[in-house]
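For the sequence shown, counting from 1, position 82 maps to 85 in the working numbering; every step adds exactly one. C-beta atoms are modelled at their ideal positions from N, C-alpha and C, and glycine is treated no differently. From a predicted model like this one, the values you see are computed outputs, not experimental measurements.
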Amino acid sequence: MKRRDALFRIAACLAPVGALAGCLKQLSYRTQVSRGVVRVPADRLAELSQRMDTLTVWIEPDEVPVVVRREGGDYTAIVAICTHRQCALTINPDGYSCRCHGSSFGIDGDVYGGPATTPLGALPTRRDDRDLLIQVPG
């Protein structure tokens, strides 16, 4: 096989992978809690164009990851810490997975597979004039 033909075959195999990766956005934003609320600016929300896109809001100083996804015209906020042994979760297009012990969770935080038995924490969200406000417990 000629080198040129081999390169075309490799490119053809990788094209679907590249197209899929281009469709999934995993964005990040760092902020702090103020009066029990985390504010996510509207311009950051505008980048979430589809349900698979995520914005991980890192709440300082404890580095708590909260994953924001668009659900139609609303937004969900899920704490991305495994309820089994408090490991950080990997974000997937269809939910979350734990590298520590193998638990898996759906987009809504429901447990799909153990050892975790408790769903992920969902935080209440609301919009003000422009931004998303996430209620953070005490």
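Residues bridged to residue i (per DSSP)
i: D77; result: E74
i: I62; result: T34 and V67
i: C98; result: The sequence as given places Gly at residue 98; Cys does not occur at that position. Paired residue(s): N95 and G109.
i: R47; result: In the DSSP output, where bridge partners are listed per residue, R47 has none listed.
Anticipated Cβ contact below 8 angstroms, residue i with residue j, distance rounded
i: A80; j: V71; result: 5 angstroms
i: L126; j: T86; result: In fact, because the Cβ distance is near 14 angstroms, the residues do not count as touching under 8 angstroms.
i: T128; j: I94; result: In fact, because the Cβ distance is near 17 angstroms, the residues do not count as touching under 8 angstroms.
Close beta carbons around residue i, own chain, < 6 angstroms, minus the five adjacent residues each side
i: G98; result: F108, G109 and I110
i: P101; result: What sits at residue 101 in the sequence shown is Cys, not Pro. Excluding positions up to five away in sequence, the list reads C85, C90 and L92.
i: S37; result: none
Under the three-state DSSP convention, the category residue i falls into
i: L92; result: strand
i: L136; result: strand
i: L123; result: coil
i: R130; result: strand
Distance between residue j and residue i (C-alpha atoms, nearest Å)
i: K28; j: L48; result: 12 angstroms
i: A119; j: P64; result: 26 angstroms
i: A24; j: D56; result: Bear in mind that the predicted position of A24 carries a pLDDT of just 42, short of 50, making it unreliable; the figure below should be weighed with that in mind. When rounded, the distance between both Cα atoms is 11 angstroms.
i: P68; j: G75; result: 22 angstroms
Close beta carbons around residue i, own chain, < 7 angstroms, minus the five adjacent residues each side
i: G117; result: S106
i: Y115; result: G98, S107, F108 and G109
Beta-carbon contacts of residue i that lie in its chain and below 8 angstroms, excluding the five residues immediately before and after
i: D132; result: none
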